[in-house]
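Residue numbers (this note's numbering): 1 to 463.
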């Protein structure tokens with residue numbers, strides 16, 4: 001029997017508290033679970049959801065589970081700021097100035113926020129960096145405030161450390177330290193801080209720091225485990241979910257403007273192109289061991305390349321539709337040319353029904369083709385993101401041809417190549433088939449599309 005998400009969250013909280021020998025009344029456990037689910041149910045969330053939390057929690061230690069439950073409760077960019085409930089729970093932590101959030105002076109009695117500031121290395125008066133810890137810090141501060149009466153200082157430090165290390169893709173700092181190494185120093189300093197430290201003997205402090213940071217490394221690597229997955233489709237799935245989060249209308253993609261959609265794809269491709277694979281996986285001491293870390297790094301490189309290959313095919317097919325739209329009118333909802341998943345009466349209105357089988361023989365990426373051939377490419381991929389048009393174009397042009405077409409598309413995007421010239425640079429048989437298929441769907445552009453098909457190659461010159 002399937003268990004409702006809210007009940008799974010309740011179970012996670014309850015089991016974590018029991019494992020820590022903490023007696024938390026079930027009514028409070030319910031309130032905590034409702035808080036987490038409510039905070040993570042924003043309409044724009046696609047990847048940073050309770051599903052991700054449940055995956056991250058699997059097989060983790062109790063404190064890691066608590067960190068997983070809270071680590072994404074605040075995501076200001078997606079949620080449009082803080083919800084009323086989270087704002088109340090974080091009252092007095094920040095102030096707004098010139099569009100940025102600054103950390104307020106921390107009151108002596110606000111021990112939870114003071115602990116978080118020490119672990120994150122943040123100081124009162126500083127701007128909370130939007131892409132370098134703002135959401136993670138606020139999530140940790142909220143967690144520490146609501147759990148401080150149930151957890152020891154050591155447990156709070158361990159939980160907050162896990163959340164801190166989920167700040168992703170960090171290079172070495174100005175002192176040449178990795179994020180885990182810098183975190184270890186801050187934890188050690190906190191343990192020795194007068195009035196707030198744990199006051200452990202030196203060897204016990206060293207052991208505590210090593211255990212906490214190692215657990216945080218395990219947690220952070222699980223948070224980004226899509227990058228190291230054996231199946232590159234999982235990394236792609238996460239990539240597309242993150243694209244979805246970046247677009248306000250992605251959930252109803254058929255209503256999204258073609259150029260808006262293309263822009264989101266380009267931003268993600270640019271991000272992946274510039275991402276240093278060496279900044280994805282965390283390590284500390286002998287964890288993970290050297291062979292495992294090498295394997296993880298190799299998987300990151302492979303999975304990024306695979307996701308970029310898929311994005312190249314997706315961008316190329318999208319560029320063709322964009323060129324058809326601009327050649328026959330203006331930018332428009334993508335569903336005008338590709339169709340919706342279904343009409344209200346249930347009848348199909350999709351371009352896949354109008355495309356023939358592409359010719360075979362062009363060299364392709366076998367793993368990418370296997371993904372296309374899956375009955376359900378990936379359950380998390382939007383129908384139009386997994387459009388058969390992308391598969392059709394990729395098979396027709398082959399892997400190298402798709403990359404070449406994308407280079408031409410980039411010239412069109414940048415305004416250096418007219419849209420008609422872009423279409424004429426592609427295989428004419430492929431373009432004609434796509435135009436005729438779109439003419440059957442885009443009723444308001446049908447005549448313009450048919451005229452375009454006739455005029456594109458009126459000179460009779462081969463393309």
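Where is the CB? At the ideal position from N, CA and C, for every residue including glycine. These numbers were taken from a predicted model, which means no experiment stands behind them.
Between residue i and residue j, what straight-line distance do the alpha-carbon atoms span, to the nearest angstrom?
| i | j | result |
| --- | --- | --- |
| residue 133 | residue 164 | 7 Å |
| residue 187 | residue 196 | 12 Å |
| residue 399 | residue 442 | 29 Å |
| residue 75 | residue 135 | 5 Å |
| residue 375 | residue 388 | Low confidence applies here, because residue 375 scores a pLDDT of 48, under 50, leaving its location unreliable; read the following figure in that light. One C-alpha to the other measures close to 12 Å. |
| residue 16 | residue 29 | 11 Å |
| residue 157 | residue 330 | 55 Å |
| residue 293 | residue 176 | 19 Å |
| residue 204 | residue 198 | 10 Å |
| residue 154 | residue 224 | 25 Å |
| residue 419 | residue 178 | 47 Å |
| residue 279 | residue 457 | 49 Å |
| residue 10 | residue 72 | 17 Å |
| residue 461 | residue 260 | Per-residue confidence for residue 461 stands at a pLDDT of 48, beneath the threshold of 50, marking its modelled position as unreliable; the derived number appears in the next sentence. Those two C-alpha atoms are separated by around 34 Å. |
| residue 200 | residue 162 | 21 Å |
| residue 377 | residue 352 | Residue placement at residue 377 is poorly supported in this model, since its pLDDT is 49, which falls under 50; the coordinates are not used for a value here. |
| residue 383 | residue 410 | Confidence at residue 383 is low in this model, with a pLDDT of 49, below 50, so the placement of that residue should be treated as unreliable; the coordinate-derived value is given next. Cα to Cα, the separation comes out at about 24 Å. |
| residue 209 | residue 137 | 20 Å |
| residue 316 | residue 363 | 17 Å |
Which word fits residue i, buried or exposed, when buried means at least 16 other C-beta atoms lie within 10 angstroms of its C-beta?
| i | result |
| --- | --- |
| residue 52 | buried |
| residue 27 | exposed |
| residue 255 | exposed |
| residue 298 | exposed |
| residue 258 | buried |
| residue 130 | exposed |
| residue 110 | buried |
| residue 172 | exposed |
| residue 369 | exposed |
| residue 318 | buried |
| residue 207 | exposed |
| residue 276 | exposed |
| residue 1 | exposed |
| residue 221 | buried |
Which residues in the same chain as residue i place their Cβ atom closer than 7 Å to its Cβ, once the five residues preceding and following it in sequence are excluded?
| i | result |
| --- | --- |
| residue 89 | 142, 145 and 146 |
| residue 100 | 127 |
| residue 33 | 6, 9, 10 and 13 |
| residue 325 | 258, 331, 332 and 337 |
Kindly indicate the opening and closing residues of the beta strand (DSSP E) around residue i.
| i | result |
| --- | --- |
| residue 165 | No beta strand (DSSP E) holds residue 165; DSSP gives it neither H nor E. |
| residue 109 | Segment: none, residue 109 is in no beta strand (DSSP E) and carries neither H nor E. |
| residue 328 | Segment 290-328 is the alpha helix (DSSP H) holding residue 328; no beta strand (DSSP E) there. |
| residue 96 | 94-97 |
Among residues of its own chain, excluding the 5 on either side of residue i, which ones have a beta-carbon nearer than 8 Å to its beta-carbon?
| i | result |
| --- | --- |
| residue 268 | 239, 242, 243, 246 and 311 |
| residue 446 | 439 and 440 |
| residue 235 | 226, 227, 229, 303, 304, 306 and 307 |
| residue 189 | 118 |
| residue 115 | 144, 153, 156, 157, 160, 190 and 196 |
Which residues bound the alpha helix (DSSP H) around residue i?
| i | result |
| --- | --- |
| residue 400 | 388-413 |
| residue 286 | Element bounds for residue 286: n/a, residue is neither H nor E. |
| residue 177 | Where residue 177 is concerned, there is no enclosing alpha helix (DSSP H), given that its DSSP letter is neither H nor E. |
| residue 367 | 366-373 |
| residue 360 | No alpha helix (DSSP H) contains residue 360, which DSSP labels as neither H nor E. |
| residue 1 | From DSSP, residue 1 is part of no alpha helix (DSSP H); its letter is neither H nor E. |
| residue 441 | 428-441 |
Once you ignore the five residues that flank residue i on each side, which residues in its own chain have a CB closer than 6 Å to its CB?
| i | result |
| --- | --- |
| residue 313 | 390, 394 and 402 |
| residue 232 | 303 and 306 |
| residue 427 | none |
Which parts of the segment 3-83 are runs of the alpha helix (DSSP H), unbroken and 4 residues or longer, counting only runs that do not cross its ends?
5-19, 26-39, 50-57, 62-70 and 76-79
Output the residue ranges of the alpha helix (DSSP H) runs that lie fully inside the segment 193-228 and measure 4 residues or longer, sorted by chain position.
202-223
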